[in-house]
Amino acid sequence: MKLRISAGLQRFLVAVLVMIVLATVGAGAYMMPWSLERQLLVVVGTAAGLFLLIIFKLLHSSVPRVQADITAGSLFSELYENSPVPYIRTNGKGEIIHTNAAGVRLLSETRDSVKGKALFDYFEADEETAEHIDRIPQLVRAGSFINDQEVQLRRADGALRWVILSAFPYHGRRESLVTLVDITKQKNVENAKSEFVSLASHQLRTPIASIKWNMELLMSAHVGDLNDKQKKFAEKVARAAERMNMLLNDFLSASKLEMGNFEAKPETIVLDAFVEAQMEEFDARIQSKNITVKRSFTPKELSVSVDPRLLRMVLSNLVSNAIKYTPEGGNVVISYTVADRWVSIEVKDTGLGIPEADQEKLFTKFFRASNTKDNLIEGTGLGLYIVRQAVKRMEGNLSFGSKEGVGTRFIVDIPL
Amino acid sequence: MTESDHVQATKTILIVEDEVDLREALESAMTVAGGFNTLTAGDGEVGLEVALAEKPDMIFLDVRIPKLDGSQVLEQIRSAGDWGERVPVSILSAQSDLSAISRAMEVGDPHTNYLTKTDWSLEQLVTHVKDVLRV
């Protein structure tokens, strides 16, 4: 344990010591005949005096620092106490030792009522959040760091609050400081947004489906043939409806990925079977453009833990692009290989390629390469933006290489 | 009429869909292009009633429908004995990511398919029904 002596007491003790030394030297010099001992005593006494003076000087110079520390200490405790961020100190069991004023307010407790309560008892888990919320007490008990976990709390008055929880251990990991940032308002806005998106998608899809299906009936032989002019207009309407559907799907994917509450839910899938299933969607387009699709999957029947929704977004956009930008009779290669706990999926085409000047902006929302406009190829400019966001959510890497007029390859690396 | 046409004509499909335009288009495609018999319902309650009374060979079921929603109708059909457990049900949803749908998918019911309305043409839906009914 450190011995703490106040600055005043330090100065007093040094003064007493200097006086004792000087008194000893003086007394010795007075009493003793001029001998070797007397000289020695004067020398030793002077040296001791000088030594003590130096010590005194050192202590004296440290006095303002000690004072500054004291001021900083009270400043920090004032900051802790009055911070708008709720701070909660817990012991190793997760029981609350102390909270600042904001913490007391957040939990709608009083300073006394909150003491000793288990912090985790305030947690409110639903089906979706149960898994990550259940992990938090273990992490706190183990004295681990926790960064930015979204948690729902039920306050003492019964109201629910969404918070971002972070925690770090101190005191040799025996205690933790937990911060809870209230994000209930943002969460409500987010929910309203996602509700709007889902409602809009339903409201828009129904009329789009109606246009698509009824145009199809109109153009089918069962209701009688249209003349050439009528057929041309009908085809235009059908194409527009298809384009609207494409836009809607891309908007929904993009907004889903941008939504804060999107959580990756990994499942075990068999990668080659999954890729094949995705390819079925493109059969008609592959045949109509007479494109050869080569596959190379090593190893076969590879199990991968990944959110299938994300992988579907990535594959369908990359394959769709490869087919779209490859001229008739061209080749598309889809393959994967495994190295160092990563699976590397590649989609390669012999298409238009991406002009070098455009490559930098490739993953920007609504960006379309200059040569796609010249060739009148339809697109929303959202596909690669969606791919990049989805790869990010899978904690993977996305890279590409392209040469105009030769082709493009996209490589998605996903951790195994 | 060939023998296989005759077999197809005997298959009955129930369409539960509240949007008249969609219901009629689907009904028309199934009868004219597919050669099936059709039954229709505009809400979940009638849909369930017709399903249990007529025991169709296949059901198209919308998710957001009045009175009983699609997942409730599916649940009751699946608990309606031998026929209910096995009858192919194709959920036709306007949404691609309904949490109710993903939950049902997790259960892994082999007789239920999930289709997003706008992504399927009528021609593809007829082919889908033929695949499911193996006709």
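Chains as they are written, first to last, in the working numbering: chain A, 1 to 416; chain B, 417 to 551. From the three backbone atoms N, C-alpha and C, an ideal C-beta is built for every residue, glycine too.
Measure from the alpha carbon of residue i to the alpha carbon of each residue in the options, then state which is nearest.
i	options	result
Asp459/B	Val551/B, Leu531/B, Asn453/B, Arg480/B	Arg480/B
Arg173/A	Glu150/A, Arg141/A, Val181/A	Arg141/A
Thr337/A	Glu301/A, Phe196/A, Phe282/A, Val151/A	Glu301/A
Leu416/A	Leu315/A, Ser35/A, Asp358/A, Val304/A	Val304/A
Ile133/A	Ile386/A, Gly351/A, Ile164/A	Ile164/A
Ile211/A	Val551/B, Val436/B, Asp485/B	Val436/B
Ser253/A	Leu52/A, Pro137/A, Leu310/A	Leu310/A
Val104/A	Glu81/A, Gly92/A, Phe251/A	Glu81/A
Pro207/A	Ala510/B, Ala457/B, Thr447/B	Ala510/B
Asp525/B	Ile507/B, Pro482/B, Glu440/B, Met446/B	Ile507/B
Asn331/A	Arg285/A, Val16/A, Asn290/A, Val343/A	Asn290/A
Asn371/A	Ile286/A, Tyr325/A, Leu13/A	Tyr325/A
Glu258/A	Ala238/A, Val237/A, Val197/A, Ile269/A	Val197/A
Asn147/A	Leu106/A, Leu180/A, Asp340/A	Leu180/A
Glu395/A	Leu40/A, Glu263/A, Leu119/A	Glu263/A
Arg393/A	Pro266/A, Glu404/A, Val237/A, Ala15/A	Pro266/A
Gly401/A	Glu360/A, Arg312/A, Lys365/A	Glu360/A
Thr24/A	Val44/A, Leu107/A, Ile136/A	Val44/A
Leu398/A	Gly405/A, Gly407/A, Glu404/A, Leu384/A	Leu384/A
Leu247/A	Ile386/A, Ser176/A, Lys93/A, Tyr87/A	Ile386/A
Met244/A	Asp535/B, Gln540/B, Glu539/B	Asp535/B
Taking 8 Å as the threshold (beta carbon to beta carbon), is residue i in contact with chain A?
i	result
Glu491/B	no
Asp547/B	no
Thr534/B	yes
Arg480/B	yes
Ala516/B	Low confidence applies here, because Ala516/B scores a pLDDT of 46, under 50, leaving its location unreliable and the question unanswered by this model.
Leu468/B	no
Ala441/B	yes
Val448/B	yes
Asp459/B	no
Leu430/B	no
Asp437/B	yes
Leu538/B	yes
Ser444/B	yes
Ala510/B	yes
At least one CB of chain B closer than 8 Å to the CB of residue i: is that the case?
i	result
Leu217/A	yes
Arg173/A	no
Asn438/A	Here chain A has residues from 1 to 416 only, and residue 438/A is not among them.
Arg393/A	no
Ser201/A	yes
Ser303/A	no
Lys212/A	yes
Ile208/A	yes
His222/A	yes
Arg205/A	yes
Measure how close the beta-carbons of residue i and residue j come, nearest whole angstrom, since I'm counting them as under 8 Å.
i	j	result
Val542/B	Gly450/B	4 Å
Gly379/A	Arg388/A	At roughly 16 Å, the Cβ-Cβ gap does not stay under 8 Å, so Gly379/A and Arg388/A are not in contact.
Val117/A	Glu131/A	The sequence given here places Lys at residue 117/A; Val does not occur at that position. About 24 Å; that fails the 8 Å criterion.
Phe476/B	Leu442/B	6 Å
Leu17/A	Leu52/A	5 Å
Thr428/B	Asp473/B	5 Å
Gly407/A	Gly329/A	With 8 Å as the limit, Gly407/A and Gly329/A do not qualify as a contact, their Cβ atoms being about 14 Å apart.
Buried or exposed for residue i, please, with buried defined as at least 16 other CB atoms from any protein chain shown within 10 angstroms of its CB.
i	result
Leu438/B	buried
Thr99/A	buried
Leu50/A	exposed
Ser444/B	buried
Glu78/A	exposed
Ile414/A	buried
Ser515/B	Residue placement at Ser515/B is poorly supported in this model, since its pLDDT is 48, which falls under 50; the coordinates still yield a value, given next. The residue is exposed, with fewer than 16 neighbouring Cβ atoms inside 10 Å.
Ala102/A	buried
Ala390/A	buried
Trp213/A	buried
Phe76/A	exposed
Met19/A	exposed
Arg161/A	buried
Glu109/A	buried
Phe282/A	buried
Lys256/A	buried
Lys231/A	exposed
Three-pair Cβ contact test at 8 Å for the region 313 to 327 of chain A versus the region 347 to 367 of chain A: Yes, they touch.
The region 309 to 318 of chain A in contact with the region 275 to 287 of chain A per 3-pair CB rule at 8 Å: The region 309 to 318 of chain A, when compared against the region 275 to 287 of chain A, does touch it at the 8 Å Cβ threshold.
Inter-stretch contact (C-beta, 8 Å, three-pair minimum) for the region 325 to 341 of chain A and the region 290 to 297 of chain A: With a cut-off of 8 Å on Cβ pairs, the region 325 to 341 of chain A is in contact with the region 290 to 297 of chain A, counting three or more such pairs.
The region 209 to 226 of chain A contacting the region 113 to 125 of chain A, beta-carbon criterion three pairs below 8 Å: In this structure the region 209 to 226 of chain A does not lie against the region 113 to 125 of chain A, because fewer than three pairs of beta carbons, one per stretch, are closer than 8 Å.
The region 199 to 210 of chain A in contact with the region 153 to 172 of chain A per 3-pair CB rule at 8 Å: Because the criterion of three Cβ pairs below 8 Å is not met, the region 199 to 210 of chain A and the region 153 to 172 of chain A do not touch.
Meets three-Cβ-pair contact criterion under 8 Å: the region 428 to 438 of chain B and the region 462 to 472 of chain B: Touching, yes.
Inter-stretch contact (C-beta, 8 Å, three-pair minimum) for the region 44 to 59 of chain A and the region 147 to 157 of chain A: Fewer than three pairs of CB atoms, one per stretch, sit closer than 8 Å, so the region 44 to 59 of chain A makes no contact with the region 147 to 157 of chain A.
At least 3 beta-carbon pairs within less than 8 Å: the region 356 to 365 of chain A vs the region 219 to 234 of chain A: With the cut-off at 8 Å, the region 356 to 365 of chain A and the region 219 to 234 of chain A do not touch.
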